[in-house]
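Residue 212 in my numbering sits at position 212 of the sequence shown, with consecutive numbering throughout.
Report on the following structure.
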Amino acid sequence: MNSNTVKLSYPLSAVVANVMKNQKPMHADSSPVEKLAPLPNAHDNILTTIGNTPVVRINKLAPEGINLFVKVEAFNPLGSVKDRAALGMIEAAEKDGSLKPGQTVIEATSGNTGIALAMVCAQKGYPLVVVMAENFSIERRRLMRYLGAKVILTPSTRMGSGMLAKAADLAKLHGWFLCRQFVNDANADIHTNTTAKEILRDFPAGILDYFVSGYGTGGTLKGVARVLRDESPATKIIAAEPENSPVLASGIAQSFDANGDAIGSHTAFKPHPVQGWAPDFLSKLTQDVVTDELIHNIVPVSGTESLKLARQLACQEGIFCGISGGATFAAALHIAQSAASGSNILCMLPDTGERYLSTPLFDNIEADMSAEEAAISATTEGYQFSRAASSTAKDQPTVEDKKPELICTEDERKLIEGIVEDALAPIVIFSLEWCEFCWSAVKLFQALEVDYRTVHIDSRECRQYGTTQEIQRALAACTSSSTIPQIYVAGEHLGGCTQTFKAFQNGTLQLKMAYTGIAYKSGLELDPQSLLPAWTHPR
Ligand code: PMP
């Protein structure tokens, strides 16, 4: 995409000589303005720096005999693969006239597309409105606002489809240009014209054996896979997706309306920690990849593996990527285990790790000095602190608590009672595997050093009792609250995360535990709000 070969129309030395003689530049008075011709190595504007991202060999983490490479999309100016899509969609709309000069652009996005659109719109002069679910990392919203965009938040409980519906409503009412990245072919076309061409240039003559990518909108997968099928037919296309949300692997069809928009959530969807991957519906662009039979293999990846491998890429290869990069890399390693010796594998790393400072990727990465670091400091005398700084997060969280549907069969009630009245496990936390509020509640019981039982209602083990939605409905009927987590102590319902924190703060939780003979760490001084996800702390 870069066009660096423009020639100067007059020699640079003449300009320099002019300045040296302290003369007025030619355009400083009323004489005709002569624009400086483009410099051969300078970009005309930021947008021509998009694309041409490097392919980097993996050294320590690759299995013996396998040539494993990553394509590092963090090298794009705003740090993600979506810089390509944003430019592609805006320029296609300019070309076909659907976007008018100065018209407001709007899009629903988990963040990277919004940040990329904010850059493109800032450069081209379009106002931008981004609609985003509240649970995506705070860094993302602040970046978009910093770049001049307006950010409208939607409740996390309404998931990806909720933010999409909100963006469509706003676009319709105000006459704004809606990008529709999940449906818009310009999103895939830019990958056909840039990403795929770069891959063919870097892996010439069909030497690439595997191309590994996740999918969000499916733009990368569709745009690259169709080119590789035609121009490098021996390359196998590997699609990675969250293990607990097997939307592709389930083979269950998604319904679409006449515009190509998905209707409702996909039944195999579950919340997962890989931001930017697999929304709660299968997009039209991803469906196209399935329909065209472009995928050779689908690799499931767990959330834990995704986080682990993102960290390993950082610590062992110095390659800094986000959670989806770790997830895609986990899938690539899985392929590498059974690939023939000498195989060439390319793995997409969609964005930079810097976008995840407030997420589980940075859990246990402290801001304060550890005991080990303090000990290093203490080896010389000066410049030490008298005591460590303490955390001061005190803001109250807001947890949406919808009216529950109070229906539950006799069998369901008995099942829940059986779980919560088990004398061997008196503390029970009903949770979702990747729910950050559930983790916060768990952290409190860990800090209290008590044994607890978590029942992940979206786990495979719970399938025998019904779907996640069915179990959640039954739980709501028993607890009169539809939020997750729900916590029981010795058969008695305590409440959700907020109520549990309150019970800890006013001592009733400790009293209940003492009364029922549950040993816990007494005198624990902890502000439970500090256990909540960072995105709930207003700034
Ligand atoms: N990873 C991240 C972090 C993303 O933001 C996205 C885009 N939603 C993807 C992966 C998937 O890319 P695509 O939309 O092209 O499928």
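We put the beta carbon where it would ideally sit given N, CA and C, even for glycine.
Keep in mind the model is a prediction, meaning the values are calculated, not measured.
N-terminal and C-terminal residue of the alpha helix (DSSP H) that residue i is part of
i: N344; result: Run containing N344: none in the alpha helix (DSSP H); it sits in the beta strand (DSSP E), 344 to 349.
i: S161; result: 159 to 174
i: F504; result: 497 to 505
i: K308; result: 303 to 312
i: L475; result: 468 to 479
i: Q529; result: Q529 -> no alpha helix (DSSP H), and no H or E assigned at all.
Buried/exposed call for residue i, threshold 16 Cβ in 10 Å
i: A388; result: Note that A388 scores a pLDDT of 42, beneath 50, so its modelled location is shaky; the value from the coordinates is reported in the next line. So A388 ends up on the exposed side.
i: Y210; result: buried
i: R463; result: exposed
i: A339; result: buried
i: C315; result: exposed
i: K403; result: Because the pLDDT at K403 is just 44, under 50, the model does not fix this residue reliably, and the point stays unresolved.
i: Y515; result: exposed
i: P204; result: exposed
i: R355; result: buried
i: G214; result: buried
i: V33; result: exposed
i: G264; result: exposed
i: S377; result: exposed
i: S391; result: Low confidence applies to S391: its pLDDT is 39, below 50, so where it sits in the model is not reliable, and the reading given next is rough at best. Exposed, since its Cβ has fewer than 16 Cβ neighbours within 10 Å.
i: K521; result: exposed
i: D401; result: Since pLDDT at D401 reaches only 40, below the 50 mark, its modelled position is unreliable, and the value read off the structure follows with that caveat. So D401 ends up on the exposed side.
i: H296; result: exposed
i: P528; result: buried
i: F437; result: buried
i: I252; result: exposed
i: K394; result: The predicted model places K394 with a pLDDT of 36, which falls under 50 and marks its position as unreliable; any figure quoted below should be read in that light. Counting Cβ neighbours within 10 Å, K394 comes out exposed, since fewer than 16 surround it.
i: G353; result: buried
i: L511; result: exposed
7 Å Cβ cutoff met for residue i and residue j
i: F136; j: Q254; result: no
i: S306; j: I323; result: yes
i: I484; j: C435; result: yes
i: K100; j: V129; result: no
i: S480; j: G496; result: no
i: P273; j: P350; result: no
i: Q140; j: G160; result: The residue you asked about is not Gln; residue 140 is Arg in the sequence shown. No, these two residues do not count as a Cβ contact at 7 Å.
i: C347; j: F329; result: yes
i: I416; j: Y452; result: no
i: N244; j: K270; result: yes
i: A186; j: A108; result: no
i: A310; j: V212; result: no
i: A477; j: I407; result: yes
i: K82; j: T53; result: no
i: V227; j: F177; result: no
i: L147; j: A171; result: no
i: R84; j: F69; result: no
i: T113; j: Q181; result: yes
i: S156; j: A133; result: yes
i: I518; j: V450; result: yes
i: F256; j: H266; result: no
i: G65; j: S358; result: no
Distance cut-off 6 Å: residue i Cβ against heavy atoms of the ligand PMP
i: G160; result: no
i: S324; result: yes
i: N193; result: no
i: P271; result: no
i: G219; result: yes
i: N112; result: yes
i: L350; result: One point to set straight first is that residue 350 is Pro, not Leu, in the sequence displayed. True, at least one ligand heavy atom lies under 6 Å from that Cβ.
i: Y356; result: no
i: Y465; result: no
i: G102; result: no
i: Y488; result: no
i: G260; result: no
i: G276; result: yes
i: Y210; result: no
i: G216; result: yes
Test: residue i CB closer than 7 Å to a CB of chain C
i: F75; result: In the structure shown, chain C cannot be found, because there is only a single protein chain.
Where the beta strand (DSSP E) containing residue i begins and where it ends
i: L560; result: The question about residue 560 has no answer, for the chain in this structure spans 1 to 539.
i: E107; result: 105 to 108
i: V274; result: Per DSSP, V274 belongs to no beta strand (DSSP E) and is neither H nor E.
i: S213; result: 210 to 213
i: A240; result: 236 to 242
i: F430; result: 427 to 431
i: V72; result: 67 to 72
Distance between beta carbons of residue j and residue i, contact taken as under 8 Å
i: A268; j: P246; result: 5 Å
i: I115; j: L153; result: Not really, about 15 Å apart at Cβ, beyond 8 Å.
i: N45; j: Q123; result: 6 Å
i: I335; j: V299; result: 7 Å
i: I190; j: G223; result: 7 Å
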